[in-house]
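Reading the sequence shown from the start, the letters are residues 1 to 49 in UniProt numbering.
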Amino acid sequence: MGNKTKKTPSTSPQKGGEKDAGSALRQAYQKTVDEKIPDEMLDLLSKLG
1 MGNKTKKTPS TSPQKGGEKD AGSALRQAYQ KTVDEKIPDE MLDLLSKLG
């Protein structure tokens, strides 16, 4: 018989919706990373150290 190989799904997104979701998540993450830390929080953190 023939040499059959098991096909596995690709790891890259197949549908446009999956690409859009990934892009939205990356944008949300970057927006969070870029947020300024409030001065009150920095003051509290400095009191801990």
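Think of the CB as a built atom: it goes at the ideal place given N, C-alpha and C, for glycine as much as any other residue.
Alpha-carbon spacing of residue i relative to residue j, whole angstroms
{"i": "Leu42", "j": "Leu25", "result": "27 Å"}
{"i": "Gly17", "j": "Gln27", "result": "15 Å"}
{"i": "Lys19", "j": "Leu44", "result": "40 Å"}
{"i": "Lys47", "j": "Ile37", "result": "15 Å"}
Alpha helix (DSSP H) segment containing residue i, residue limits
{"i": "residue 51", "result": "Only positions 1 to 49 of the chain appear in the structure, and residue 51 is not among them; the question remains open."}
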